[in-house]
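A.B. asks: My numbering numbers the first residue of the sequence shown as 55 and each following residue consecutively.
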Amino acid sequence: MQYLKAFLVGGIICVIGQIILDRTKFTPAHILVSFLTTGVILGGLGIYEPIAKFGGAGAKIPITGFGYALSQGAIKGAKADGVIGAFTGGLQSASGGIAAAIIFGYVMAIIFNPKTKS
């Protein structure tokens, strides 16, 4: 049942992204930033927590889950260390994802020739 929940939640997030990509002139970069920001906002407001508990990896693996991890780290850091903790906490909680994005982004930029959406 856990796999089904993850598939449904992750699939819904991906369907939303695909609909936005097909129906607007947004580039994948616009959608990426929009989903990340949405994850941070929903995480900060406590709305993403029930989605993450229900969907598990289906909610935590997409980019909205990365935004959620950033917001939760920032909240924990702010409670522990104040304003400085708000900045460092988010980075500490998501440092693995940040490092992977930098490394894999660099490798993909070397291998492929990116093009803009017309």
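Each residue gets a CB set at the ideal place from its N, CA and C atoms; glycine is no exception. The structure displayed is predicted, hence computed values, not measured ones.
May I ask which residues mark the beginning and end of the alpha helix (DSSP H) holding Phe108?
C.D. replies: First-last of the alpha helix (DSSP H) with Phe108: 102-109.
A.B. asks: Using a Cβ-Cβ cutoff of less than 6 Å, which residues in the same chain neighbour Gly109 once the five nearest sequence positions on both sides are dropped?
C.D. replies: Excluding positions up to five away in sequence, the list reads Lys59, Ala60, Val63.
A.B. asks: Quick check on the burial criterion: 16 or more other C-beta atoms within 10 angstroms. Buried or exposed for Pro203?
C.D. replies: Since the displayed the chain opens at 55 and closes at 172, residue 203 lies outside it and no answer follows.
A.B. asks: One question on the structure: do Gly93 and Tyr57 come within less than 9 Å of each other, judged by their Cβ atoms?
C.D. replies: Cβ atoms of Gly93 and Tyr57: not closer than 9 Å.
A.B. asks: Cα-Cα, which of Val161, Asp135, Gly98 is closest to Phe120?
C.D. replies: Among Val161, Asp135, Gly98, the Cα nearest to that of Phe120 belongs to Gly98.
A.B. asks: Check the C-beta distance from Ile67 over to Thr118 and give it rounded, since I have them as a contact under 8 Å.
C.D. replies: Yes, Ile67 and Thr118 are in contact; Cβ-Cβ is about 6 Å, under 8 Å.
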